[in-house]
Amino acid sequence: MNYAPSSLQLNYVNYGFKIEGTYTAIDDPSHVQKQSDGAWKFKLQKKIRVILTMATTQQQYHIALVDYLPANLTSSKRNYHYDEYRPRSTIGWTEHENFRDERAEAFRSLLWSGVYEWSYAMRATFAGTFIILPAKAEEMYSLENFGRCATEKVIIE
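Start counting the sequence shown at 7; every next residue gets the next number (the numbering used here).
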């Protein structure tokens, strides 16, 4: 059952999936900064890499990883190469990806226990202060198995 939360400030939850999200600049490191109060700061019209890390301790079936985009950001299906080493097991784990106006989605029919990364690019299109809704992973036919990261804030200048 899906429902609307009474507050937009959602905490981290782990009921089978641990989700962490981070943002890095694609072109210049100064384009993305994490401020001391925990808010993100993005440069207007710059490309940003979204990196979602999902961990599970057991085998899961029919997984959906959904990342809701903050207002005034657009996604793109470009997986930019990392400069650092990534374990081979985390590369290309998705079977299907959707990039919509308001969210980016990754799907897999069978997921073994382990840690997985998924990344895509987005661009900040308008200035302002926005809420970053939590990314969520769930077993589509067993909704009690899910996890999400916490709500964050982004300032686009």
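C-beta: ideal position from N, C-alpha, C; glycine also.
What you are looking at is a predicted structure, and each value in this text was computed from that prediction instead of being measured.
Assigned secondary structure, residue i (DSSP; H/G/I helix, E/B strand, else coil)
{"i": "serine 36", "result": "helix"}
{"i": "threonine 80", "result": "strand"}
{"i": "tyrosine 88", "result": "Low local confidence applies: a pLDDT of 47 at tyrosine 88 is under 50, so the model's placement there is unreliable, with the coordinate-based value given in what follows. Three-state DSSP puts tyrosine 88 in coil, outside helix and strand."}
{"i": "alanine 110", "result": "strand"}
{"i": "glutamate 123", "result": "strand"}
{"i": "methionine 146", "result": "coil"}
{"i": "glutamine 64", "result": "coil"}
{"i": "alanine 70", "result": "strand"}
{"i": "asparagine 20", "result": "strand"}
{"i": "lysine 47", "result": "strand"}
{"i": "arginine 94", "result": "Here the model assigns arginine 94 a pLDDT of 46, short of 50, so the residue's position is not dependable and the matter cannot be decided."}
{"i": "isoleucine 162", "result": "strand"}
Environment of residue i [buried if 16+ CB atoms lie within 10 Å]
{"i": "tryptophan 124", "result": "buried"}
{"i": "phenylalanine 136", "result": "buried"}
{"i": "leucine 188", "result": "Limits of the chain in this structure are 7 at one end and 163 at the other, which puts residue 188 out of reach."}
{"i": "glycine 44", "result": "exposed"}
{"i": "glutamine 15", "result": "exposed"}
{"i": "tyrosine 147", "result": "exposed"}
{"i": "lysine 40", "result": "exposed"}
Residue i at chain D interface by Cβ criterion, 8 Å
{"i": "glutamate 123", "result": "The structure shown has no chain D; it contains just one protein chain."}
Rounded C-alpha distance that separates residue i from residue j
{"i": "glycine 120", "j": "tyrosine 18", "result": "19 Å"}
{"i": "isoleucine 161", "j": "tyrosine 29", "result": "13 Å"}
{"i": "glutamate 26", "j": "leucine 58", "result": "6 Å"}
{"i": "glutamine 66", "j": "serine 115", "result": "8 Å"}
{"i": "alanine 130", "j": "asparagine 78", "result": "6 Å"}
{"i": "lysine 159", "j": "serine 13", "result": "14 Å"}
{"i": "arginine 55", "j": "serine 36", "result": "13 Å"}
{"i": "threonine 100", "j": "phenylalanine 113", "result": "6 Å"}
{"i": "leucine 117", "j": "glutamate 103", "result": "15 Å"}
{"i": "isoleucine 69", "j": "tyrosine 122", "result": "12 Å"}
{"i": "glutamate 108", "j": "valine 38", "result": "21 Å"}
Contact under 8 Å by Cβ, residue i with residue j
{"i": "glycine 134", "j": "alanine 143", "result": "no"}
{"i": "serine 164", "j": "leucine 75", "result": "Beyond the ends of the chain as shown, which are 7 and 163, falls residue 164; an answer cannot be given."}
{"i": "alanine 110", "j": "aspartate 73", "result": "yes"}
{"i": "tyrosine 105", "j": "threonine 62", "result": "Reading off the sequence, residue 105 comes out as phenylalanine, not tyrosine. Result no, Cβ atoms of phenylalanine 105 and threonine 62 do not sit closer than 8 Å."}
{"i": "lysine 53", "j": "alanine 127", "result": "yes"}
Proximity to residue i [Cα-Cα], best of the options
{"i": "leucine 50", "options": "Asp33, Tyr122 and Thr63", "result": "Asp33"}
{"i": "phenylalanine 132", "options": "Glu163, Leu71 and Arg55", "result": "Glu163"}
{"i": "leucine 71", "options": "Met128, Ala141 and Phe105", "result": "Ala141"}
{"i": "isoleucine 138", "options": "Trp46, Val38 and Ala112", "result": "Trp46"}
{"i": "glutamate 145", "options": "Thr157, Tyr126 and Met60", "result": "Met60"}
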